[in-house]
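Working notes for the structure below.
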Amino acid sequence: MRCNAILALAGVASAGTVLWDGRANQYADSSFLDSWSFSNQVGPYQWYIHGSGATKNYVNLGTSYKNTADTGSNQGIRITNDKTSIWNGQSMQRTELIPQTSAAINKGKVYYHFSIRGSSTDPTQEHQIAFFESHFTELKYGLISGASGTSDNRLQWYVGGQSKWATTLDSSTWHNVAYGIDFSANTVEFYHSTGSDALTLIAGPVSASTSSNGADWHLGVLRLTTQGVSETWDFSGVYVESGSLTTSILYNHQHDFGHYIKQAGHYKSYDYNAPHNYYNE
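Letter by letter, the sequence shown follows residues -15 to -1, 1 to 266 in mature numbering (1 follows the signal peptide of the UniProt record, and there is no 0).
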């Protein structure tokens, strides 16, 4: 029974190894973030880049915030930025989560997965999204600082400050993304799809200064203004894997393995922030 379950799973997903899981499936709401501090580094995320209000003002979990095609996520993560989202006295709005893990998410060839939907956004201002501290790769939205015009309703993929891909953003479309980062070869690839479609390679490999300490990928949104309307951005299916790229949005490691093994009567619990290849367990 157990073998049949694993064979069934192998037919719908690839065999990548999850290095870090940011889907927060085990939490009922965003209050788990309040347990994290620099002296108490617990949970899947570091939580310190945000405004002065309560956590629920900036981060919330919910089934309506996820890509419905993403069966590996019980819920999505909604990020909110408004005029209170000022961190550390900076002249910008920031709500960002950073992976809390000792796994090697900054070594060799890895894939950073997430799906994103801008459900309420302002195209008149630059947004930096899902970026590394050095900005060697990231998404951007809105009118880029220094560009001509008054607004730009495009979601763009950037490498080293240069746009490599763009698409129009609308509030109903989920954009599925994987950054294929080779920290050894100093290159980045961009995989993309929408809705329930499988990821495909859109661009790359592109040369990049792939520098990371493993705790500087910012899942969230930096908005270059202190004013403006309140915005919400939804994230789903957030994880980092090594090995083979999982291209399917419909199925992935955590949900499906747990589902099939539970059905087979062999359910067991896992530390989802530790590396796993679920086909070999």
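By construction, the Cβ of each residue, glycine as well, lies at the ideal position given by its N, Cα and C atoms.
These numbers were taken from a predicted model, which means no experiment stands behind them.
Review point. In chain order, which beta strand (DSSP E) runs of at least 3 residues are fully inside the segment 11 to 47?
Key: Here the runs fully enclosed are 30 to 34 and 44 to 47.
**Study point:** Helix, strand or coil at Ser100 according to DSSP, with G and I counted as helix
**Key:** If you number the sequence shown from 1, residue 100 lands on position 115. Correct three-state label for Ser100: strand.
Point to revise | Local Cβ density within 10 Å of Gly61, reported as buried at 16 or more and exposed below that | key: As a first step, residue 61 is located in the sequence shown; it is residue number 76 there, counting from the start. Buried, by the Cβ-count rule.
Point to revise | Opposing strand residues paired with Pro108 [DSSP bridges] | key: To locate residue 108, count along the sequence shown from 1; it is residue 123. As far as DSSP is concerned, Pro108 takes part in no beta bridge.
Review point. Around the Cβ of Gln75, are there at least 16 other Cβ atoms within 10 angstroms (buried) or fewer (exposed)?
Key: In the sequence shown, residue 75 corresponds to position 90, counting from 1. Exposed: under 16 other Cβ atoms inside 10 Å.
Practice item. Take the Cβ of Ser105 as the centre, count every other Cβ of all protein chains shown within 10 Å, and call the residue buried at 16 or more, exposed below. Key: On the sequence shown, position 120 is the one that residue 105 refers to. It is exposed - the Cβ of Ser105 has fewer than 16 other Cβ atoms within 10 Å.
Point to revise | Nearest-angstrom Cβ-Cβ length linking Leu207 and Gln113, presumed shorter than 8 Å | key: As a working mapping, residue 207 is identified with position 222 in the sequence shown. As a working mapping, residue 113 is identified with position 128 in the sequence shown. Rounded to whole angstroms, the Cβ separation of Leu207 and Gln113 is 4 Å, and the two are in contact under 8 Å.
Check your understanding: Nearest-angstrom Cα distance between Glu174 and Gly57?
Key -> Position 189 of the sequence shown holds residue 174. Position 72 of the sequence shown holds residue 57. For Glu174 and Gly57, the distance between alpha carbons rounds to 23 Å.
Check your understanding: If you draw a straight line from the alpha carbon of Thr69 to that of Val44, how long is it in whole angstroms?
Key -> Taking the first residue of the sequence shown as 1, we reach residue 69 at position 84. Taking the first residue of the sequence shown as 1, we reach residue 44 at position 59. Straight through space, the alpha carbons of Val44 and Thr69 are spaced by roughly 13 Å.
Check your understanding: DSSP beta-bridge partners for Ile62?
Key -> For the purposes of this step, residue 62 is taken as residue 77 along the sequence shown, with counting starting at 1. Within the DSSP secondary-structure output, Ile62 pairs in a beta bridge with Leu46 and Phe220.
Practice item. State the Cα-Cα distance for the pair Phe23 and Ser37, rounded to the nearest angstrom. Key: In the sequence shown, counting from the first residue as 1, residue 23 sits at position 38. In the sequence shown, counting from the first residue as 1, residue 37 sits at position 52. Going by C-alpha positions, Phe23 is about 17 Å away from Ser37.
Practice item. Pick helix, strand or coil for Ala54, following the three-state DSSP scheme. Key: For the purposes of this step, residue 54 is taken as the residue at position 69 of the sequence shown. The three-state secondary structure of Ala54, taken from DSSP, is coil.
Check your understanding: Where Ser20 and Val27 are concerned, what is the direct C-alpha to C-alpha distance, given to the nearest angstrom?
Key -> The sequence position of residue 20 within the sequence shown is 35, counting from 1. The sequence position of residue 27 within the sequence shown is 42, counting from 1. The alpha-carbon separation between Ser20 and Val27 amounts to approximately 7 Å.
Review point. Taking the beta strand (DSSP E) that Thr185 falls in, what are its first and last residues?
Key: Along the sequence shown, one-based indexing puts residue 185 at 200. Thr185 to Ser192 is the span of the beta strand (DSSP E), which, as asked, contains Thr185.
Exercise for review: May I ask you to report which of helix, strand or coil DSSP gives Asn177?
Suggested key: Position 192 of the sequence shown, counting from 1, holds the residue named residue 177. First, the residue type needs correcting, since residue 177 is His and not Asn in the sequence shown. Residue state for His177 is assigned as strand, using DSSP reduced to three classes.
Check your understanding: Between Val144 and the rest of its own chain, which residues show a CB-CB distance below 6 Å, the 5 nearest in sequence each way excluded?
Key -> Here residue 144 refers to the residue found at position 159 of the sequence shown. Correct list, in chain order: Thr122, Val173, Val191 and Ala193.
Review point. Does the segment 89 to 102 come close enough to the segment 211 to 227 to have 3 or more Cβ pairs within less than 8 Å?
Key: Yes: at least three Cβ pairs fall under 8 Å.
Check your understanding: Which residues in the same chain have their Cβ closer than 7 Å to the Cβ of Leu209, if we skip the five residues on either side of it in sequence?
Key -> For the purposes of this step, residue 209 is identified with residue 224 of the sequence shown, where counting begins at 1. Here the set comprises Met77, Gln110, Glu111 and Ser130.
Review point. Taking the C-alpha atoms as reference points, what is the distance between Asp14 and Arg63?
Key: Looking up residue 14 in the sequence shown gives position 29. Looking up residue 63 in the sequence shown gives position 78. Taking the straight line from one Cα to the other gives about 11 Å.
Check your understanding: Within 10 angstroms of its Cβ, does Asn25 collect 16 or more other Cβ (buried), or is it exposed?
Key -> Taking the first residue of the sequence shown as 1, we reach residue 25 at position 40. Burial call: exposed.
Review point. For Ser100, is the classification buried or exposed, using 16 other Cβ atoms within 10 angstroms of its Cβ as the cut-off for buried?
Key: Walking along the sequence shown from the start, residue 100 turns up at place 115. With 16 or more other Cβ atoms within 10 Å, it is buried.
**Study point:** Best match in Leu82, Asn66, Ser178 and Lys149 for proximity to Trp159 [C-alpha to C-alpha]
**Key:** By 1-based counting over the sequence shown, the position of residue 159 is 174. Of the candidates Leu82, Asn66, Ser178 and Lys149, the one whose C-alpha sits nearest the C-alpha of Trp159 is Ser178.
Review point. Given His240, which residues of its chain have a CB within under 6 Å of its CB, disregarding the five upstream and five downstream residues?
Key: One-based indexing of the sequence shown puts residue 240 at position 255. Annotation note: pLDDT 42 at His240 (below 50); position unreliable, no value reported.
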